[in-house]
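So for the sequence shown, our numbering puts the first residue at 2; every next one is plus one.
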Amino acid sequence: MRLRIEESATFREARPAETVPVVEAVKGHWRPILIVFFAEMAQTSYFYLTAIFTISFATRQLGVPKDVITQAVLFANLVGLVAMPLIGAWSDRIGRKRLFLAGVALATISMFAFYGAIASRDTLLVTCAVILAAGVIHPLMFGTEGSYFPELFPTRIRFTGVSIGKQLGTVLGGGIAPLVATSLFAQTGSTYAITGYYVALALAAMIALGFAHETSKSRLLG
């Protein structure tokens, strides 16, 4: 399939990187790298906290039946599978930055009620909470970033710039989120500490995105 896909006009017109791409990206485009880094931390940590961490936390700490929480996560992923391409198309119309920020804001608000809903152990409420979080709110971020992040960089270093910010954000955001959440709950005995942890990540992402520009209607740089 890849052999039959032609390169975009923007890529064909792009001039080669003057130095090693990673050097040019870090030296000349560190601001969008930081924007991607903080935005990715907010995106991945939210999914890991509401879908991955929740499975073990709900069953071991809250007594939620394992089949209830695993089915809820399954349904959330199915909803997200449908939602993501629709949200990606929606971002072409109303803007990528706006949708991503809306996702971060809704994720922040939802965290104040999410674990309370899980703690209810009510099958319907648990299922709705997980679907809303991981299947609807999370795709507002994840379904947008595939277009938004690359468009923040010139074509010639786009892959490198996005990779640096995204991989670091994934590791330090989603990668350690379950460990941090487990530690916070063990020390405080309260899910509000976990909520506070996410709020801090979300605020950092919002501040970073405040310095980003909208790209959906912009001509891509070479």
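From the three backbone atoms N, C-alpha and C, an ideal C-beta is built for every residue, glycine too.
Because the structure is a prediction, the values reported are computed rather than measured.
Under the three-state reduction of DSSP, residue 99 is assigned to helix. The continuous alpha helix (DSSP H) containing residue 41 extends over residues 31 to 48. Secondary structure at residue 191: coil, using DSSP grouped into helix, strand and coil.
Excluding sequence positions up to five before and after residue 178, its CB lies within less than 7 Å of the CB of 46, 49, 50 and 54, all in the same chain and listed in chain order. Taking the Cα of residue 81 as reference, the smallest distance to any Cα among 39, 212, 161 and 144 is reached at 144. When C-alpha distances from residue 183 are compared across 56, 37, 44 and 162, the shortest belongs to 56.
Straight-line spacing of the CA atoms in residue 76 and residue 28 works out to 43 Å.
For the pair residue 216 and residue 97, the CB atoms are nearer than the 7 Å cut-off.
For residue 167, the uninterrupted alpha helix (DSSP H) run begins and ends at 159 to 170, by DSSP. Cβ contact annotation for residue 173 (same chain, cutoff 7 Å, sequence separation greater than five): 42, in chain order. Looking at 95, 85 and 32, the one whose alpha-carbon comes closest to that of residue 212 is 32. When secondary structure is reduced to three states using DSSP, residue 62 falls in the coil class, being assigned neither helix nor strand.
Residue 44 is classed as buried because its beta carbon has at least 16 other beta carbons within 10 Å across all chains shown.
Secondary structure note for residue 148: its alpha helix (DSSP H) is the uninterrupted segment 139 to 152. Taking a 10 Å sphere around the C-beta of residue 115, we find 16 or more other C-beta atoms and assign the residue as buried. Separation of residue 91 and residue 99 (C-alpha to C-alpha, rounded to the nearest whole angstrom) is 11 Å. For residue 51, no alpha helix (DSSP H) run applies, since DSSP gives it neither H nor E.
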